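Structure first, then comments.
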Amino acid sequence: MAVCRTDAKEMASENHSGLQADPAVIVQSAATANKGQPSSPKPIKPVAQDLPDELVQAGWSKCWSRRENRPYYFNKFTNQSLWEMPVFGQHDIISDPLGLNATVESGEGDSAADSRQRKRRHSEDTQQQSANSFKKPRIDSSSTPPTPIVPISPIAVGAPSTPVSRTSGTNLVEEKQQPALTSEQAVSAAPSSSSSSSSSSSSSSSSIPAPASIRPTVVYWDLDVPTNAVIKERPPIEMLPPHPDVEVLRAHLTVKLRQHYQELCQQREGIDPPRDSFNRWLLERKAIDKGKDPLLPSDCDPIISPSMFREVMNDIPIRLSRIKYREEARRLLFKYAESAKRMIESRNATPDVRKTVKWNVEDTFNWLRKEPSATKEDYMERLEHLRKQCGPHVAAVAKDSVEAICGKIYNISGEYVKRVREKHLALLKECNISEEVERPEVMDRLVYCYPLRLVFPTTPLPRVDLHFENEVACIRYKGEGRKISRNYLSKLEQLYKYSCIDDVRFEKFLTRVWCLLRRYQSMFGVGIHEGTGLQGALPVAVFEALNKQFGVTFECFASPLNCYFRQYCSAFPDTDGYFGSRGSFLTFSPVSGSFEANPPFGEELMESMVTHMEELLGRSTEPLSFIVFVPEWRNPPTPALVRMEESKFKRHQILVPAYEHEYRSGSQHICKKEDIYYKAVHSTALIFLQNDTGFAKWKPVPERLQQLLAAYKLTGKSSSSSSSSSSAAGEKDQEQSGDQSSNTEHH
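In this text, residue positions in the sequence shown follow this note's numbering: the first is 152, and each later residue adds one.
Written out as structure tokens, the structure reads:
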């Protein structure tokens, strides 16, 4: 449907629904701390302000609840509501980002964490109990934000010096500062976070709101952890806002591109495309792509993808899978010899090459006739010998053909990007939105990291339909449904509430969720389990240990669907920014903080990650730490692993053996609970990359490492039942083969 057909009233609502300021948690001096306070809901029936000046400066005001007929206290910076007068000195990431006003002993940090755990385990407590609970200050040397390089005010809240353009409806801000309620709702809502969410959701008038009343039964995240990542303020990104019509076209063209890839491999080389190689091609290309499409590459140098070329060449003349039985080894030896001979005879090879390959193939056939009862080891040894003798010659004659396949796929992708962008720009034009919009300036200052903003305003979005099938929510647009479990839909609602400022009534929420699910399905592919391994996540218990022992509050590679913290980097800033994404890690430049990195297991992407980390560590004097999780591939060793082991920033390295640890599935948002965890069939290397101050602050001492490894020993069943993020009995322990998830394969 054409979005420009929306009536004038809705158009007016679109143009004025966003906030006009985009505040971030700014690390600045006391002289500038009180300037540019962020917009916040104002109660329409305030009561006498008999609060101390310190609480007023921290954002607190006294309001009247119509429903309860009594006063309550509301913080305009954090959306926090309390029945009792707040205590000055409570550690709040907004009003007191460094905990300078906290007055409790540091030993109470653990009790605060325990309080959060009890709160999540008892998520069905009464509303009154939830409202009256008061979180104790959390002062933990391992997780408090680092000391920035400029003076700090205890009230370190401010707005950007340049006002945000009126049309910048998609701008995103630090989560705790964006108001999730309208003025009326701020007055009438009870001072509990659950009622705030319900009020935001129920106020939608033109589309179906998110089901805020749904409470997760099993939770694999902790969105209460504040960030300690400090960055330099950065401008909004120049990406077009997502629209379901555009996503439908992009998804259709991506499927066609996959089909082209399969046809080219079959027609030119007689093989099926290597499993998940197209998905790894997308990741490898986007790491260097300068094009304007968030998914499909169009401006890469070199044009020939090293990843796609290497994986196709590895399967020529045949694909050699894992060999378990003697007969299988004998069959593959015969098939390899026959395929190598046929390829050399049909390609443009020199006489000497033809002679060499033909002689080795005939020798193999003679050996097979003489040794009909050889052992599996004999067949494997003979196959390896044949590959060494014939492999280089086969690769030489196939090189041009494989390069042509890679180039053809890249060129088709570029044409598809043009088609998608033309449609997107046409939608903007129909809604009188120019491609040339005002780019707000940013100051050269340090701020706590905040979600990405889009410089382009959003277009009016069409409605999508929502219905439930037991514990699964189905969101449908033009007959195309995307499914997500109720738990994860509730998670997206929380992230959206924290991160999005242009949709306080949640009128665009479900449409943006549909675009998000459609985008990730386009990247995964349509095959069973295809691509989901690229989104595998660490177990909950490991994340909890990382946070408690090493102050980790940020994931370098995640998505709204699999993130544990609400601070993370992801592949698609345009769809994910509304749900808290800080953008691509390769363009994210923190000055300080403690980070976890579990990248998709693509060699080029992992190497780009190491390059970026070393650059960040080399130029920052503030505490900066990266704990990297990569597969221990030694045959051959991956360049990223070798570089990290030889890096001057490596402080420690530990190994978790294969089959003794687990990952959470990339399809955890839709799969059954018993399928969320799966065994890793490869060993995982944990490497600590830290600068000097980061090493001093989050030193990998034996006690901390022991706690981290102990968390890995918990299976999915025990971790989900004992962790603070879970309220159910747990998950079944499940072993899966390496073929089920691409992140357990090495090509």
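The beta-carbon is built from N, C-alpha and C at its ideal position, and this holds for glycine as well. It should be emphasised that the depicted structure is a prediction, and the values quoted were computed from it without experimental measurement.
When you compare the CB of residue i with every CB in chain B, is at least one pair closer than 8 Å?
i: Phe752; result: Within the model displayed, chain B is absent; a lone protein chain is all it includes.
Could you tell me which residues DSSP puts in a beta bridge with residue i?
i: Tyr829; result: Tyr814
i: Gly744; result: Leu775
i: Phe225; result: Ser212, Ser232
i: Leu806; result: Ala836
i: Phe780; result: Leu837
i: Ile388; result: Leu605
i: Lys801; result: Leu840
What is the C-beta distance between residue i and residue j, in whole angstroms, given that I count them as a contact (C-beta under 8 Å)?
i: Ile388; j: Leu605; result: 6 Å
i: Tyr561; j: Cys451; result: 7 Å
i: Phe716; j: Phe705; result: 6 Å
i: Leu860; j: Ile805; result: 7 Å
i: Leu767; j: Val807; result: The Cβ separation is near 25 Å, so there is no contact.
i: Pro751; j: Phe708; result: 7 Å
i: Glu755; j: Ala549; result: Contact doesn't hold; Cβ gap of about 21 Å is too wide.
i: Tyr224; j: Trp211; result: 6 Å
i: Arg419; j: Ser564; result: Their Cβ separation, rounded to whole angstroms, is 18 Å, which puts Arg419 and Ser564 out of contact at 8 Å.
i: Lys486; j: Ile469; result: 6 Å
i: Tyr810; j: Lys824; result: With 8 Å as the limit, Tyr810 and Lys824 do not qualify as a contact, their Cβ atoms being about 21 Å apart.
i: Leu689; j: Asn786; result: Not a contact, Cβ separation roughly 25 Å.
What did DSSP end up calling residue i once you bin it into helix, strand or coil?
i: Gln718; result: coil
i: Thr609; result: coil
i: Pro543; result: helix
i: Cys651; result: strand
i: Glu586; result: coil
i: Asp514; result: helix
i: Tyr371; result: coil
i: Gln841; result: strand
i: Asp616; result: strand
i: Arg498; result: coil
i: Ala928; result: Given a span of 152 to 898 for the chain in the structure shown, any question on residue 928 remains unanswerable.
i: Tyr412; result: helix
i: Pro851; result: coil
i: Pro395; result: helix
i: Thr295; result: Low per-residue confidence applies at Thr295: pLDDT is 42, beneath 50, and the placement is therefore not dependable enough to give any value.
i: Leu323; result: In this prediction, Leu323 scores a pLDDT of 32, lower than 50, which makes its location untrustworthy; no coordinate-derived value is stated.
i: Thr633; result: Reading off the sequence shown, one finds Arg at residue 633, where the question assumed Thr. Arg633 falls in the strand class under three-state DSSP.
i: Phe705; result: strand
i: Arg785; result: strand
i: Ala480; result: helix
i: Ser449; result: coil
i: Ala488; result: helix
i: Ser732; result: strand
i: Ala577; result: helix
i: Gln268; result: Caution applies to Gln268, whose pLDDT of 48 falls short of 50 and renders its modelled position unreliable; the model cannot decide the point.
i: Ala899; result: The question about residue 899 has no answer here: the residues shown for the chain are numbered 152 through 898.
i: Ala688; result: strand
i: His763; result: helix
i: Thr405; result: helix
Are residue i and residue j closer than 8 Å when you measure CB to CB?
i: Ala488; j: Val512; result: yes
i: Ser790; j: Glu758; result: Per the sequence shown, residue 790 should be read as Pro rather than Ser. Taking 8 Å as the Cβ cut-off, Pro790 and Glu758 qualify as a contacting pair.
i: Leu737; j: Met795; result: no
i: Leu446; j: Ser673; result: yes
i: Ser650; j: Tyr729; result: yes
i: Tyr639; j: Leu578; result: no
i: Leu697; j: Val664; result: no
i: Arg436; j: Pro425; result: no
i: Pro724; j: Leu646; result: no
i: Leu391; j: Arg570; result: no
i: Gln700; j: Arg855; result: yes
i: Leu612; j: Lys659; result: yes
i: Thr610; j: His394; result: yes
i: Val615; j: Leu668; result: no
i: Leu775; j: Gly845; result: yes
i: Cys720; j: Gly702; result: no
(message) Check whether the stretch 420-439 and the stretch 473-480 touch, using three or more Cβ-Cβ pairs below 8 Å as the test.
(response) no
(message) Would you call the stretch 612-627 in contact with the stretch 741-755, where contact means no fewer than 3 C-beta pairs closer than 8 Å?
(response) no
(request) Spell out a yes or no on whether the stretch 630-643 and the stretch 816-833 are touching, meaning 3 or more CB-CB pairs, one atom from each, closer than 8 Å. (result) yes
(request) Taking 8 Å as the threshold, find out whether the stretch 516-528 comes into contact with the stretch 538-547 through three or more Cβ pairs. (result) no
(request) Please confirm if the stretch 368-385 is in contact with the stretch 585-600, defined as three or more CB-CB distances below 8 Å between the two stretches. (result) yes
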